[in-house]
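Q:
Number of protein chains: 2
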Amino acid sequence: MSGPARTTSHASSKAAVLDVIRAAGTISRVGLINATGLTGATISTVVRGLIEDGLVVETGRAESTGGKRRVLLELDHSARYAIGVHLDHAGITYVLTNLGGAVVGRISRPGAGAAKPADVVERMAAEAAALVGSVGIDRERVLGLGLVSPGPLSASAGMAPPPPTMRQWSDFPLDTALGQATGLPVLLDNDATAAALGEHWSGGVDNAATVAALYMGTGIGAGLLVNGITYRGASGNAGEVGHICLDPFGPECWCGARGCLEALAGPSAVVAAARADKALARAAGLGRRRSVSADFAAVSRAARKGEPAALELLERSARYLAVATRTLANVMDLEAVVLTGPSFAIAGAIYLPIVQEELDRAFFSRANHPVRVRLSASAATASAIGAAAMVLQSELVPLHHGLRLPGNLVESEPPPVGA
Amino acid sequence: MSGPARTTSHASSKAAVLDVIRAAGTISRVGLINATGLTGATISTVVRGLIEDGLVVETGRAESTGGKRRVLLELDHSARYAIGVHLDHAGITYVLTNLGGAVVGRISRPGAGAAKPADVVERMAAEAAALVGSVGIDRERVLGLGLVSPGPLSASAGMAPPPPTMRQWSDFPLDTALGQATGLPVLLDNDATAAALGEHWSGGVDNAATVAALYMGTGIGAGLLVNGITYRGASGNAGEVGHICLDPFGPECWCGARGCLEALAGPSAVVAAARADKALARAAGLGRRRSVSADFAAVSRAARKGEPAALELLERSARYLAVATRTLANVMDLEAVVLTGPSFAIAGAIYLPIVQEELDRAFFSRANHPVRVRLSASAATASAIGAAAMVLQSELVPLHHGLRLPGNLVESEPPPVGA
DNA sequence: TGGCATTGTTAAGTCAACGAAGAAACGAAG
DNA sequence: CTTCGTTTCTTCGTTGACTTAACAATGCCA
Chain A
70 MSGPARTTSH
80 ASSKAAVLDV
90 IRAAGTISRV
100 GLINATGLTG
110 ATISTVVRGL
120 IEDGLVVETG
130 RAESTGGKRR
140 VLLELDHSAR
150 YAIGVHLDHA
160 GITYVLTNLG
170 GAVVGRISRP
180 GAGAAKPADV
190 VERMAAEAAA
200 LVGSVGIDRE
210 RVLGLGLVSP
220 GPLSASAGMA
230 PPPPTMRQWS
240 DFPLDTALGQ
250 ATGLPVLLDN
260 DATAAALGEH
270 WSGGVDNAAT
280 VAALYMGTGI
290 GAGLLVNGIT
300 YRGASGNAGE
310 VGHICLDPFG
320 PECWCGARGC
330 LEALAGPSAV
340 VAAARADKAL
350 ARAAGLGRRR
360 SVSADFAAVS
370 RAARKGEPAA
380 LELLERSARY
390 LAVATRTLAN
400 VMDLEAVVLT
410 GPSFAIAGAI
420 YLPIVQEELD
430 RAFFSRANHP
440 VRVRLSASAA
450 TASAIGAAAM
460 VLQSELVPLH
470 HGLRLPGNLV
480 ESEPPPVGA
Chain B
70 MSGPARTTSH
80 ASSKAAVLDV
90 IRAAGTISRV
100 GLINATGLTG
110 ATISTVVRGL
120 IEDGLVVETG
130 RAESTGGKRR
140 VLLELDHSAR
150 YAIGVHLDHA
160 GITYVLTNLG
170 GAVVGRISRP
180 GAGAAKPADV
190 VERMAAEAAA
200 LVGSVGIDRE
210 RVLGLGLVSP
220 GPLSASAGMA
230 PPPPTMRQWS
240 DFPLDTALGQ
250 ATGLPVLLDN
260 DATAAALGEH
270 WSGGVDNAAT
280 VAALYMGTGI
290 GAGLLVNGIT
300 YRGASGNAGE
310 VGHICLDPFG
320 PECWCGARGC
330 LEALAGPSAV
340 VAAARADKAL
350 ARAAGLGRRR
360 SVSADFAAVS
370 RAARKGEPAA
380 LELLERSARY
390 LAVATRTLAN
400 VMDLEAVVLT
410 GPSFAIAGAI
420 YLPIVQEELD
430 RAFFSRANHP
440 VRVRLSASAA
450 TASAIGAAAM
460 VLQSELVPLH
470 HGLRLPGNLV
480 ESEPPPVGA
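If you read the protein sequences in the order shown, they are chains A and B. Sequential numbering from 70 applies to the first sequence in this note's numbering. Sequential numbering from 70 applies to the second sequence in this note's numbering.
#1: So Asn259/B contacts chain A; which residues on that side make the cut at Cβ distance below 9 Å?
#2: Using DSSP's beta-bridge definition, name the partner residues of Pro179/A.
#3: To which residues does DSSP link Cys329/B through a beta bridge?
#4: Would you give the residue range spanned by the beta strand (DSSP E) that Asp258/B belongs to?
#5: Does Pro219/B come within less than 7 Å of chain A when only Cβ atoms are used?
#6: I want to see whether chain A comes within less than 7 Å of Met401/B, judged by CB atoms only; does it?
#7: Any beta carbon from chain B within less than 7 Å of His312/A's own beta carbon?
#8: Could you spell out where the beta strand (DSSP E) holding Glu127/A opens and where it closes?
#9: Can you pull the chain A neighbours of Leu397/B, defined as C-beta to C-beta under 7 Å?
#10: Counting only C-beta atoms, is Pro317/A closer than 7 Å to chain B at any point?
#11: With 16 other CB atoms within 10 Å as the buried threshold, where does Ser369/B fall?
#12: Work out the CA separation of Leu214/B and Leu408/A for me, nearest whole Å.
#13: List the residues of chain B that Tyr284/A touches, going by C-beta distances under 7 Å, in chain order.
#14: So which residues on chain A does Arg430/B lean against when the C-beta distance must stay under 9 Å?
#15: Taking the continuous alpha helix (DSSP H) assigned at Ala387/A, which residues delimit it?
#16: Report the three-state DSSP secondary structure of Glu309/A (helix, strand or coil).
#17: Can you say whether Pro422/B is buried or exposed, counting buried as having 16 or more other CB atoms within 10 angstroms of its CB?
#18: Go to Ile298/B, then tell me how far its beta strand (DSSP E) extends in each direction, as first and last residue.
#19: Do we get a CB-CB distance below 7 Å when we pair Gly455/B with the residues of chain A?
#20: Would you list the one or two residues that DSSP bridges to Arg441/A?
#21: List, in chain order, every chain B residue whose beta-carbon is nearer than 8 Å to that of Tyr389/A.
#22: According to the Cβ coordinates, are Val49/A and Leu403/A closer than 7 Å?
#23: Rounding to the nearest angstrom, what Cα-Cα distance links Ile120/A and Met401/A in this structure?
#24: Please list, in chain order, the chain B residues whose beta carbon lies closer than 8 Å to that of Glu309/A.
#25: Count the other CB atoms, across all protein chains shown, that sit within 10 Å of the CB of Asp88/B; report buried if there are 16 or more and exposed otherwise.
#26: Consult DSSP for Gly118/A and reduce its assignment to one of helix, strand or coil.
#27: Please classify Gln462/B as buried or exposed, where buried requires at least 16 neighbouring CB atoms within 10 angstroms.
#28: Closest to Ala326/A by C-alpha separation, out of Ile96/B, Arg435/B and Asp364/B, would be which residue?
#29: On the criterion of 16 or more Cβ atoms from any shown chain inside 10 Å, does Arg430/B qualify as buried, or is it exposed?
#30: For Leu144/A, write down the residues that DSSP places opposite it in a beta bridge.
#31: Roughly how many angstroms lie between the CA atoms of Pro219/A and Thr114/B, to the nearest whole one?
#32: Give me the residue from Ile206/A, Gly290/A, Ala198/A and Ser271/A with the minimum Cα distance to Gly248/A.
#33: Could you say which of Val140/A, Ala261/A, Lys374/A and Glu127/A lies nearest to Phe413/A if we only look at CA atoms?
#34: Assuming Val201/A contacts Leu165/A under a Cβ cut-off of 8 Å, what Cβ separation, rounded to an integer in Å, is found between them?
#35: Tell me where the alpha helix (DSSP H) around Ile96/B begins and ends.
Listed below in structure tokens is the structure:
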């Protein structure tokens, strides 16, 4: 069957203009003319519409360039809000952001653990409502809720083959359930993808056209952004850098292959090696019963205190990550890489220089352009912020450029008479 | 500065409709309505325009589905032609294709060797003209010339840091020079990217949304296609799968890194290993003075004849390639892979099953969807065909969805008065 | 105070695409 | 053989986004 009219081109350039205003922070109408390529006349009417919608405000004047002074425009940051939720085994993080992507409220709660999905959904709805209430914001101004969790996610229903820690979530219709519980539009996505979008939306990623956000939590993933649009691949599972192979004869990975980055150098691998080193385990205060993330944090603290064994473990991990990042950059021809997620929030200072050095030294197109590596300003909550950014993006920048989906061309075409 | 009006949205849906007709081969107006999502009214006028332009013809009737019989539409294949040129160290291949991407003429000539670029350009112009003349086609009907060569290419001028064999081409303005010599529009691109486009254009790549064309000549590259649009990355050098790292401690590669796929398993590596094996070198008839491609072909022939040492060498190479392909598929979430280029034209039968097996066994999202692997139907000339397809694409499908280039947003914005 | 450059708005025209209604082609029932 | 319902395709008038062209508003500088 395949529904008709997938080409929703130019859903008014309102969205595009709004996006430029957001990216620029403060800009005049003339600035918009240059940035968008639209005419003054168009910008005039579009901006009037945005001001009437309450999304944009005039905030001052620029200095003269020889004639009339420009009127400066800005987002009305408190015009709309979005909720972002990061659902992980270890914990659930909620953020409330304004139009500009700035966090105006945040809470963290215990993770889903082994609880039943339906109960977790109820809890999430209550906790999200509590967050909105505590900040004292008109509920009407909340655009929606973005929910992200470790991939891979299937379609828009639940998650398909889940990582080992979250099996009970298979086939659970997460988005519809939460939508009913909250009464808000709900978007579901991969946490790494969300982190990338969050970096873009909150201005961290300058104007770089092609960016990867490396997300290291318990596993390692990446969100890919091309021209500010998330790249998802065939089934929405692009960016699985944790399963870049760095050694065809390496240790087995839970994904079924050998020598994956995650198996060689992910937090679990680092922690496993640290626990195996009796002396280090004692010095850093590791314990078999504690979570991987807790122990990874302990190893990182030990490294920062100068414990050589811990430092060496992390540097070894960083070198593997650097090589995998180079592979990713070579394949995608990246302009920038952002390190984000809880593990980089803790140990990013150790990883960053090693990754940058590797790219400067051996990135294939280094003669054409460098690959800049940055540490996220909000690595710990990047995914939740990105989840909120997803909502802002989808509500305010409705899927520009009508991408024609593949679609079945031939379908019911009757056979030619001559055949 | 930054030129204005980069958003050339919907340059008439003529191009989109034409693309659908091409993809479908034969289709009715109703079929177009379903495939594009446009209205019958729009399709009616657009198709009339295409017929008036001489690009499309009505070719018959379909059987009735209960009412009036549908009128079938097809491209007028001989309405326009395009020249594709593959410039390589080893040889230059010229093809002339019609609108449908079918080859109507082809010649091969000696490679550029150490000749001066200006002389090579003159020769290419003459040989291209000879090809068009020999087929007896009105020169007016030739849309342009696509020229592809081993990357990386810089901007649209020449090629930046060239592979070791083509140093003298640095900074030579290939496209403008050839444009002047031929009087035709000239497009320049990477040969792997062109191969991917060629596969898409000639219908080899069904409707798969996300495809990589692995191109193995002397080196290994890949062209990436997302929704039928080539993915280029930040500087047009995406798809460098030859420099996926499979062993951080492996042998040095000419790119400056270690353990690249190309260094471990590319044709040069295979040939080097074969030459080092005295017995095999004699059995296969290898020689130090001969080209890599000639000796790679010799090894492949030996393998097909059952020579165990040759077969083992190639299978080893295939396993490395398979692992690198898996990495690529994991990162991009691919739906399909096409093996193409001269080396796969010779040895593809050995590589294909090994790559397919690896993806079936260990592709990360294998539970969601498989990755199909195919051998190109025209592996030896895929790049040249793709070069011609580039011309068809650019002349007939002018860059749909106005992608806003990064562009400098802030530029001449004067400082706010309050600052 | 009067140029003069720059910014922003208004008005009229263009163009792609749409909806509705009509014309044309066809199978089948009377 | 006529009539009816169905499906295909075209014509016509409209919408909506955007453009060009003219105009109004603002502020620098002499």
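Glycine included, each C-beta is placed from N, C-alpha and C at the ideal position. Remember, predicted model here, so these are calculated numbers, not experimental data.
A: Taking the definition as stated:
#1: In chain order: nothing, as chain A lies at least about 11 Å away.
#2: Gly160/A
#3: Cys314/B
#4: Val255 to Asn259
#5: no
#6: yes
#7: yes
#8: Val125 to Arg130
#9: Val400
#10: yes
#11: buried
#12: 43 Å
#13: Simply none; closest approach about 14 Å.
#14: Gly325 and Ala326
#15: Pro377 to Met401
#16: coil
#17: exposed
#18: Ile298 to Tyr300
#19: no
#20: Ala405/A
#21: Pro317
#22: It is not possible to answer for residue 49/A, since the shown part of chain A is limited to 70 through 488.
#23: 39 Å
#24: Asn399, Val400, Asp402, Phe433 and Ser434
#25: buried
#26: helix
#27: buried
#28: Arg435/B
#29: exposed
#30: Val125/A
#31: 48 Å
#32: Ala198/A
#33: Ala261/A
#34: 6 Å
#35: Here Ile96/B belongs to no alpha helix (DSSP H); instead the beta strand (DSSP E) covers Thr95 to Ser97.
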